[in-house]
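Each residue of the sequence shown is one higher than the one before, starting from 1 at the first, in the UniProt record's numbering. For every residue, glycine included, the Cβ atom is placed at its ideal position computed from N, Cα and C. No experiment lies behind these values; they were computed from the predicted model shown. Here's the structure, in structure tokens; my notes come after.
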Amino acid sequence: MSSESEAPVSAMVPEEEDPSKSISKKAAKKEAAKQEKLRRRQEASAASAVSSLSVEEEGPLANNYGDVPLYELQSVNKPEGGNWTEAVNGKEWTKVGELTESLKDQEVLIRGRVHTTRPVSSKLTFVVLRQSGSTVQCVVSQKPDSVTKQMVKFVASLNRESFVDIVGIVSVPGVSIKGASQQVEVQVRKLYCISKAVPNLPINIEDAARSEIEIEKALQEGEQFVRVYQDTRLNYRVLDIRTPANQGIFRIQSWVGAIFREFLLAEDFVEIHTPKLIGGSSEGGSAVFKLDYKGQPACLAQSPQLHKQMAICGDFGRVFEIGPVFRAEDSYTHRHLCEFTGLDVEMEINKHYSEVMDIVGRLFVTIFDKLNEKCKKELEAVGKQYPFEPLKYNKDTLRLKFEEGVQMLKEAGVEIDPLGDLNTESERKLGQLVSEKYGTDFYILHHYPSNVRPFYTMKSHENPLYSNSFDVFIRGEEIISGAQRVHVPRVLEERAQACGIDVKTISTYIDSFRYGAPPHGGFGVGLERVVMLFCGLNNIRKTSLYPRDPLRIAP
1 MSSESEAPVS AMVPEEEDPS KSISKKAAKK EAAKQEKLRR RQEASAASAV SSLSVEEEGP
61 LANNYGDVPL YELQSVNKPE GGNWTEAVNG KEWTKVGELT ESLKDQEVLI RGRVHTTRPV
121 SSKLTFVVLR QSGSTVQCVV SQKPDSVTKQ MVKFVASLNR ESFVDIVGIV SVPGVSIKGA
181 SQQVEVQVRK LYCISKAVPN LPINIEDAAR SEIEIEKALQ EGEQFVRVYQ DTRLNYRVLD
241 IRTPANQGIF RIQSWVGAIF REFLLAEDFV EIHTPKLIGG SSEGGSAVFK LDYKGQPACL
301 AQSPQLHKQM AICGDFGRVF EIGPVFRAED SYTHRHLCEF TGLDVEMEIN KHYSEVMDIV
361 GRLFVTIFDK LNEKCKKELE AVGKQYPFEP LKYNKDTLRL KFEEGVQMLK EAGVEIDPLG
421 DLNTESERKL GQLVSEKYGT DFYILHHYPS NVRPFYTMKS HENPLYSNSF DVFIRGEEII
481 SGAQRVHVPR VLEERAQACG IDVKTISTYI DSFRYGAPPH GGFGVGLERV VMLFCGLNNI
541 RKTSLYPRDP LRIAP
């Protein structure tokens with residue numbers, strides 16, 4: 001299946017929930033009423049909590065805690081202010097993830113969310129503070145010079161996910177701390193709540209962070225944990241992405257984009273930005289989002305394909321882009337989205353389309369190497385909730401011809417049309433065979449049949465039934481589609497018409513080749529799919545921050 005021009009796939013049901021079951025209007029109204037009732041109950045509960053805590057204390061220690069009034073958080077430049085302003089002025093912030101034994105006995109100022117609170121007595125409460133996936137245990141213990149019983153009570157009553165600032169002293173306990181990532185404690189001297197969360201959250205972070213293994217193990221032992229399903233996670237995505245695994249996933253995704261850009265810039269590529277509103281289909285077929293553009297028919301770009309080729313005709317030599325891609329396919333699979341982030345490359349070819357495959361191999365080996373080097377903590381967090389085997393790959397990327405892949409499948413008892421495309425099951429089977437035979441989960445399959453590739457793909461001189469094209473696979477699933485392009489206008493017109501594309505709608509694209517165009521090629525890859533397969537995840541919605549599929553356009 002080609003990521004540059006994926007054909008519609010028969011509906012498949014994602015593993016966790018069936019999205020094809022539409023909700024009736026009556027059920028939708030009932031759900032809306034339920035949510036409104038929950039909202040009102042939360043507001044009432046929050047108001048009650050505020051009321052119960054409005055206890056005045058005598059003496060200066062009352063200034064060591066409390067809710068920070070809004071005016072103090074409005075970026076006031078004046079040195080004078082309230083208790084919070086006085087507590088933080090002149091101090092350096094320390095990240096929770098940087099709290100180590102080297103800071104023992106030092107005062108620190110930290111900010112984070114209330115992950116959990118554990119009241120022990122009226123004089124002692126533990127609060128675990130979380131910041132960007134790192135957690136630290138903070139001790140709030142009554143002390144005559146800093147902490148009152150009312151302050152202990154205030155901290156114990158804080159709602160989970162509220163934001164607080166803490167001034168305290170770092171201490172090193174004599175035993176291991178199991179409930180936090182940092183192996184130090186903070187002895188709290190001052191604590192201020194800068195943002196309150198509602199008391200009843202739609203989903204708890206602890207529940208959302210639990211692995212299936214933990215849930216199943218608990219069931220076997222007679223316990224029952226809450227299982228947070230995919231649709232619920234996506235409905236409350238702002239909470240779901242706070243889990244350690246999701247923090248890891250999207251930081252890994254950020255690194256993929258950064259490494260991609262860094263590598264290509266070092267290889268003399270130019271980053272470009274192409275339009276996403278176009279007058280005709282960029283790939284062919286009907287899977288486009290159509291819209292009215294000031295009285296003219298238009299659509300959202302299925303890829304930057306045409307414009308990145310035009311950039312090559314404009315003498316940029318080598319270009320790349322990171323940007324949104326839109327596909328209107330009704331695909332309910334674990335690996336398809338209606339909008340995803342495309343990583344696209346186009347380059348002049350000197351002699352052979354293998355030059356493009358050379359870039360692919362070196363680029364992705366670099367990405368994999370640097371992810372393993374730079375993202376150890378993030379990969380560990382992902383693996384804790386979603387266990388996976390590290391990706392196997394060779395420094396010199398394996399290349400197989402399409403005919404060789406077909407032969408391997410045939411020998412394994414899988415019959416494939418030698419001039420057809422591989423379906424999902426065949427791709428997975430071939431990935432398994434390649435892994436067993438060559439010891440790699442990452443490989444290139446090239447020289448595809450020409451009739452299964454886009455209209456702009458150059459046919460093979462050796463055999464016109466095949467093309468100078470390739471797909472790249474990770475763990476038996478396609479992530480990249482690429483090829484040498486047709487740069488002869490007459491051939492482009494013939495191929496476009498054969499694919500049912502109105503040549504008038506892409507006339508400016510074809511015209512760009514009439515003014516002289518070098519041989520060139522390129523490829524496109526979905527960012528979300530790369531992260532999904534590198535981390536061995538089972539659904540692309542896990543690697544899309546706010547997924548857009550045929551049934552989801554919110555949040």
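Within a 10 Å sphere around the beta-carbon of Leu239 sit 16 or more other beta-carbons, which makes this residue buried.
The beta carbon of Gly317 sits closer than 8 Å to the beta carbons of Asp268, Val270, Met347, Glu348 from its chain, once the five residues preceding and following it are set aside; these are given in chain order. In this structure the segment 180 to 192 touches the segment 128 to 138; the number of beta carbon pairs closer than 8 Å is three or more.
Listed in chain order, the beta strand (DSSP E) elements of length 3 or more contained wholly in the segment 385 to 417 are 398 to 401. Note: Met347 is bridge-paired with Arg318, Gly521 in the DSSP secondary-structure output. Counting C-beta atoms within 10 angstroms of its own C-beta, Glu92 has fewer than 16 neighbours from the protein chains shown and is therefore classed as exposed. Check the Cα spacing between Asn539 and each of Ser450, Cys499, His336: the tightest is with His336.
Counting other Cβ atoms within 10 Å of its Cβ, Arg514 stays below 16 and is therefore classed as exposed. For His115, no alpha helix (DSSP H) run applies; the uninterrupted beta strand (DSSP E) run containing it begins and ends at 107 to 121, by DSSP.
Cβ contact annotation for Arg111 (same chain, cutoff 6 Å, sequence separation greater than five): Asp165, in chain order. Under the DSSP assignment, Glu425 falls in the alpha helix (DSSP H) whose first and last residues are 424 to 438. Remark: C-beta atoms of Ile205 and Pro387 do not approach each other more closely than 8 Å. Excluding its 5 nearest sequence neighbours in each direction, Arg552 has C-beta neighbours in its own chain below 7 Å: Leu234, listed in chain order. Closest in C-alpha terms to Arg475, from the list Met532, Phe523, Asp511, Gly133, comes Met532.
With a cut-off of 8 Å on Cβ pairs, the segment 369 to 389 is not in contact with the segment 410 to 421, counting fewer than three such pairs. Rounded to whole angstroms, the separation of the alpha carbons of Cys193 and Gly323 is 39 Å. With three or more CB-CB distances shorter than 8 Å, the segment 326 to 341 counts as touching the segment 520 to 527. Distance from the CA of Ile177 to the CA of Val345, rounded to the nearest whole angstrom, comes to 48 Å. In the three-state DSSP reduction, Val452 falls in the helix class (H, G or I).
Here His447 is buried. Its C-beta has 16 or more other C-beta atoms within 10 Å.
In the structure shown, Ser102 adopts helical secondary structure according to DSSP, grouped into three states. Proximity of the segment 156 to 170 to the segment 115 to 130 meets the contact definition, three or more beta-carbon pairs being nearer than 8 Å.
Rounded to whole angstroms, Cys313 and Phe260 show a C-alpha spacing of 23 Å. The continuous beta strand (DSSP E) containing Pro297 extends over residues 296 to 300. Here Val503 has Glu493, Ala496, Gln497, Ile510 as same chain residues with Cβ atoms under 8 Å from its own Cβ, once five neighbours each way along the sequence are excluded. DSSP, reduced to helix, strand and coil, places Pro324 within a strand of the structure shown. In the assembly as shown, Gln385 is a buried residue. Its beta-carbon has 16 or more other beta-carbons within 10 Å.
In this structure, Leu398 sits away from Ile367, with a CB-CB distance that is not shorter than 8 Å. Beta-bridge analysis with DSSP links Tyr192 to Gly66, Asp165. Going by beta carbons, Ala483 and Tyr353 fall inside the 8 Å limit. Around the beta carbon of Val170, 16 or more other beta carbons lie within 10 angstroms, which makes this residue buried.
Look at Ser481 here: in three-state DSSP terms it is strand.
Of the residues Asn200, Glu107, Ser303, the one whose Cα lies closest to the Cα of Thr274 is Ser303.
Contact between Ala87 and Lys190 holds, since their C-beta atoms are separated by about 5 Å, short of 8 Å.
Nearest neighbour of Arg242 by Cα position, chosen from Val452, Val114, Val108, turns out to be Val114. Shown here, Ser171 sits in a strand according to DSSP, grouped into three states.
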